[in-house]
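Numbers given in our numbering equal positions in the sequence shown, counted from 1, plus 32.
Think of the CB as a built atom: it goes at the ideal place given N, C-alpha and C, for glycine as much as any other residue.
A short write-up of the structure that comes next.
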Amino acid sequence: MQVVQAPYGAFIQIGKYADALMDEHGMQLMIRSLARTPQGKQALAERRYLGAVDLDALLQLPSDTLGHLYAAHMKRNGLLPPPVREPAPNDYIYLFNYVSETHDIWHIVTGSDTTKAGELQVETFSLAQFYPSRFWVALLAKNFLKIALYEIELCEELMAAVVRGWIMGRRAKSLFGIPWQELWEMPIDQIRAELNINPFLSTEIEATLAQSNLDTSISFTSETASNASSSSLTPALRIGS
């Protein structure tokens, strides 16, 4: 139960089961997926990291840049920059370290805060980007169990975050392998535009996510009940490409 009780963004707890979640077959599937872009293939070949990050220096950049927003996020949440790492001996260690040190950058790029909903949103986005990944599925499964056992009253809000993260992640270009350290001075809106990331999905989807189930009800009459087998009670939700 310690794993379930851990905070929504505490993926280190899932890392305790990494050997089971990162089997050879699963790793090869994920690596083939990540290597489908030139920057992904290059990142896997070089196993490069962010390097030294000076948060105070990044805070001096214009307020709309990735670097400033990232540094402000780290300072606000009492987080330290990732350590300067030695070259990884294998893909398994590299990918785990990569996820660890870029997680907060992905928070900024996807517009996900550090609330419970924000953590679920960026985790689901990550699953869509790293698909197929047993690690991210396991993390989400742990968080769904946490919702079921302890915070069912937050189900609607958190499921909306899951939907938003998944759709954003599937629509976006691959983020894996992007040299973020070269983009600190770039405005966040430009980065999102180039990566096809829009935290606002569409008017229709956002309206659906904002609509409370408590505001709608279905009244069954004898006529509607008799026709239930031939009629649809829920309109289809179309997701634009």
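Check your understanding: Taking the alpha carbon of glutamate 238 as the point to measure from, which residue in Pro211, Ile223, Gly197 and Ser206 has its own alpha carbon closest?
Key -> If you number the sequence shown from 1, residue 238 lands on position 206. Looking at the Cα atoms, Gly197 is the closest of the given residues.
Review point. Count the other CB atoms within 10 Å of the CB of tyrosine 182; is the residue buried (16 or more) or exposed (fewer)?
Key: In the sequence shown, residue 182 corresponds to position 150, counting from 1. Label assigned to tyrosine 182: exposed.
Exercise for review: For the stretch 118-125 and the stretch 86-98, state whether three or more C-beta atom pairs, one from each stretch, are separated by less than 8 Å.
Suggested key: no
Check your understanding: Residue range of the alpha helix (DSSP H) that glutamine 222 falls in?
Key -> Here residue 222 refers to the residue found at position 190 when the sequence shown is read from its first residue. Start and end: 220-227.
Point to revise | C-alpha gap between threonine 137 and alanine 160, whole angstroms | key: Indexing the sequence shown from 1 puts residue 137 at position 105. Indexing the sequence shown from 1 puts residue 160 at position 128. According to the sequence provided, residue 137 is isoleucine. The question's threonine does not apply to it. If you take the alpha carbons of isoleucine 137 and alanine 160, they lie about 16 Å apart.
Review point. Over what stretch of residues does the alpha helix (DSSP H) that includes proline 113 continue unbroken?
Key: As a first step, residue 113 is located in the sequence shown; it is residue number 81 there, counting from the start. Segment: none, proline 113 is in no alpha helix (DSSP H) and carries neither H nor E.
Review point. Can at least three beta-carbon pairs, one atom from the stretch 201-218 and one from the stretch 71-86, be found at a separation below 8 Å?
Key: yes
Check your understanding: By a C-beta neighbour count over all protein chains shown, 10 Å radius and 16 as the cutoff for buried, is glycine 110 buried or exposed?
Key -> Here residue 110 is taken as the residue at index 78 of the sequence shown, counted from 1. Glycine 110 is exposed by the Cβ-count criterion.
Check your understanding: Skipping 5 residues on each side, what residues in its chain have a beta carbon closer than 6 Å to that of glycine 286?
Key -> Look at the range of the chain in this structure, 33 to 273, and you will see that residue 286 is not part of it.
**Study point:** Three-state class that DSSP yields for threonine 97 in the structure shown
**Key:** Residue numbering aside, residue 97 sits at position 65 when the sequence shown is read from its first letter. DSSP places threonine 97 in strand when its eight states are reduced to three.
Check your understanding: The alpha helix (DSSP H) with proline 164 in it runs from where to where?
Key -> The residue you call residue 164 lines up with position 132 of the sequence shown. From DSSP, proline 164 is part of no alpha helix (DSSP H); its letter is neither H nor E.
**Study point:** Classification of valine 154 by the beta-carbon crowding that lies within 10 angstroms, buried from 16 upward
**Key:** Along the sequence shown, read from residue 1 onward, the residue named residue 154 stands at position 122. Buried is the call here.
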